[in-house]
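Counting from 1, position 44 in the sequence shown corresponds to residue 44 in our numbering; the numbering is continuous, with no gaps.
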Amino acid sequence: FFFSSRRRHTRYWRDWSSDVCSSDLKYGITSTLDNSNYEITYVGADLTISKKALTITADAMSKAYQSPDPVTLKYTVLGLEDGDSLTGGLSRVSGEDVGDYEIQLGSLANPNYEITYQSALFTIYRVPYLEVYPKSLTGFTSTSGTVSAQTQTFEVTAAYLTSGITLVAPAGFQISATDSPNFGSTFTYPYAQDTNNPVLTFTVFVRMVATKVGPHSGFIDVTSPGVAGKTVAVDGVVSAPPEDTKLPPPL
Numbered sequence: 001f002f003f004s005s006r007r008r009h010t011r012y013w014r015d016w017s018s019d020v021c022s023s024d025l026k027y028g029i030t031s032t033l034d035n036s037n038y039e040i041t042y043v044g045a046d047l048t049i050s051k052k053a054l055t056i057t058a059d060a061m062s063k064a065y066q067s068p069d070p071v072t073l074k075y076t077v078l079g080l081e082d083g084d085s086l087t088g089g090l091s092r093v094s095g096e097d098v099g100d101y102e103i104q105l106g107s108l109a110n111p112n113y114e115i116t117y118q119s120a121l122f123t124i125y126r127v128p129y130l131e132v133y134p135k136s137l138t139g140f141t142s143t144s145g146t147v148s149a150q151t152q153t154f155e156v157t158a159a160y161l162t163s164g165i166t167l168v169a170p171a172g173f174q175i176s177a178t179d180s181p182n183f184g185s186t187f188t189y190p191y192a193q194d195t196n197n198p199v200l201t202f203t204v205f206v207r208m209v210a211t212k213v214g215p216h217s218g219f220i221d222v223t224s225p226g227v228a229g230k231t232v233a234v235d236g237v238v239s240a241p242p243e244d245t246k247l248p249p250p251l
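As C-alpha cells, then:
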C-alpha cells in the first residue's frame with residue numbers, strides 16, 4: 001500500500017498470509033511511516049481475506065449386495081485453485097441391505113473455501129441370478145435325412161436381471177420355448193422385473209437336427225447381461241437309413 005506527496009513518502013504493510021482459518025480472517029495493517037518533523041499517531045486497520053466459493057458434487061455409485069464398498073467415493077470439484085487440494089473424503093450413510101444410501105460430505109474439506117455440496121446416492125442392488133437344470137441332455141438319436149421327433153427339456157431360472165435371456169444352440173441342434181413348431185438355432189426370452197415376484201422360470205425344448213451320420217455334441221449357451229452365463233451339454237447320434245429290402249424274383 002502506498003501513499004505519496006511532494007513532501008513525504010509513506011508505506012503501509014500488513015501481516016502477510018493468504019490463508020483463511022475457520023472463518024474470514026482479518027490481518028492487521030502495520031506502518032513504517034516516518035518523518036522527523038512530525039509526531040506521528042498511527043490508526044491501524046484490518047485486511048480481511050474471505051473464503052472462496054467451492055462446489056463439490058458427489059458421483060452416484062453402486063455395488064452388488066454383500067460385496068465390498070469401493071475404496072474411494074468419487075466426486076467432481078468446481079472452483080479449486082491450482083496447487084490447492086482437499087483433505088479427507090466423502091462418506092455414505094451406513095447400511096448393507098439392498099436400497100439407496102445418501103453420499104455425504106464426510107471429512108472432505110479445505111479451510112480456505114466455502115463449500116457447497118451436492119450429494120448423490122449410493123445404491124446396493126440385488127445380485128442377478130441365472131441357473132439351468134439339468135446341465136446336460138444326452139442320448140438324442142435320429143436317422144440321416146430326417147428331423148428327429150424326439151425332444152428333451154431343461155429349465156432356466158432367473159432373478160433380478162437387467163435384460164432378456166439369450167439362448168444359442170450348437171450346430172446340429174435346435175431349441176424352442178415351446179414344444180413345436182418354433183424351433184431354431186437361437187431365441188431370446190424376455191425378462192421383466194417384477195418386485196412382487198422377481199423369479200422367472202421357463203422350459204426350453206431341444207431336438208437334434210443333424211443329418212450327417214455319426215456322433216454330434218456341443219453346448220447350448222444361456223446368457224444375460226450382468227450375470228455369469230450358463231451352458232447345457234447336448235449329445236446324440238445320427239444313424240444311417242436302413243437299406244431297402246428286396247424280395248427275390250419268383251421261380
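For each residue, glycine too, the CB sits at the ideal point set by N, CA and C.
Check	Outcome
Is it buried or exposed, Gln66, if we count other Cβ atoms within 10 angstroms and call 16 or more buried?	exposed
DSSP on Phe173, reduced to helix/strand/coil?	strand
Would you check if the segment 39-56 and the segment 100-120 touch, i.e. whether three or more CB-CB distances between them fall below 8 angstroms?	yes
Extract the residue ranges of the beta strand (DSSP E) inside the segment 91-176, only unbroken runs of 3 or more that lie entirely within it.	99-104, 113-118, 120-125, 129-133, 136-143, 152-159, 165-168, 173-176
So, using beta-carbon positions, are Thr186 and Thr166 closer together than 8 angstroms?	yes
Just to confirm my understanding: we take Ser148, look at its own chain, exclude 5 residues before and 5 after, and list those with CB closer than 7 angstroms. What are they?	Phe140, Thr141, Ser142, Arg207, Met208
Who are Val222's beta bridge partners in DSSP?	Leu167, Lys230
Which value, in whole angstroms, describes the spacing of the CA atoms of Leu161 and Glu243?	52 angstroms
Is Gly99 closer than 8 angstroms to Ile124 when the C-beta atoms are compared?	yes
State the start and end residues of the unbroken beta strand (DSSP E) segment that holds Ile49.	45-49
Any idea if Phe202 is buried or exposed, counting beta-carbon neighbours within 10 angstroms, 16 or more meaning buried?	exposed
Leaving out five residues before and five after Pro190 in sequence, what residues of the same chain have Cβ atoms less than 6 angstroms from its Cβ?	Gly164
Helix, strand or coil for Val213? Go by DSSP, reduced to three states.	coil
Taking Tyr189 as part of the beta strand (DSSP E), name the residues at either end of that continuous run.	186-189
Taking 6 angstroms as the limit between beta carbons, can you name the residues of its chain near Gln152, skipping five residues before and five after?	Leu137, Val206
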